[in-house]
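**Student:** One point on numbering: in UniProt numbering, the residue at position 42 of the sequence shown is 42, and numbering is uninterrupted.
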Amino acid sequence: MNAIERIDCMKCKYYFITWEPGASKGCKAFGFKTNQLPSMVVYRSSGKPCLEFESKQK
Numbered sequence: 001m002n003a004i005e006r007i008d009c010m011k012c013k014y015y016f017i018t019w020e021p022g023a024s025k026g027c028k029a030f031g032f033k034t035n036q037l038p039s040m041v042v043y044r045s046s047g048k049p050c051l052e053f054e055s056k057q058k
């Protein structure tokens with residue numbers, strides 16, 4: 001994954017943090033929890049960058 005394809009999940013409105021030690025991060029758009037950045041899990045699973053990213057409203 002190069003710098004152009006990298007997605008910062010922490011800036012996405014679907015990103016959330018859990019209290020679960022083994023799965024401290026999650027994605028509401030795809031409905032899963034993980035210990036890695038959700039965008040990395042999506043990339044490893046599909047071979048494509050996350051297509052659900054939406055910037056948080058400020």
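Built from N, CA and C at the ideal position, the CB exists for glycine as well. As the structure is a computational prediction, the values presented were derived from the model and not from experiment.
#1: What residue does the beta strand (DSSP E) around residue 61 start on, and which one ends it?
#2: Answer with buried or exposed for F16, where buried requires no fewer than 16 other C-beta atoms within 10 angstroms of its C-beta.
#3: Pull up the distance between the alpha-carbon of K25 and that of K58, whole angstroms please.
#4: May I have the straight-line CA-CA distance separating G31 from S55, to the nearest angstrom?
#5: Can you find the residues in the same chain that come closer than 6 Å, C-beta to C-beta, to L37, ignoring five residues on each side of it along the sequence?
**Tutor:** Considering the structure as presented:
#1: Residue 61 lies beyond the stretch modelled for the chain, which goes from 1 to 58, so this question has no answer here.
#2: exposed
#3: 21 Å
#4: 18 Å
#5: C9
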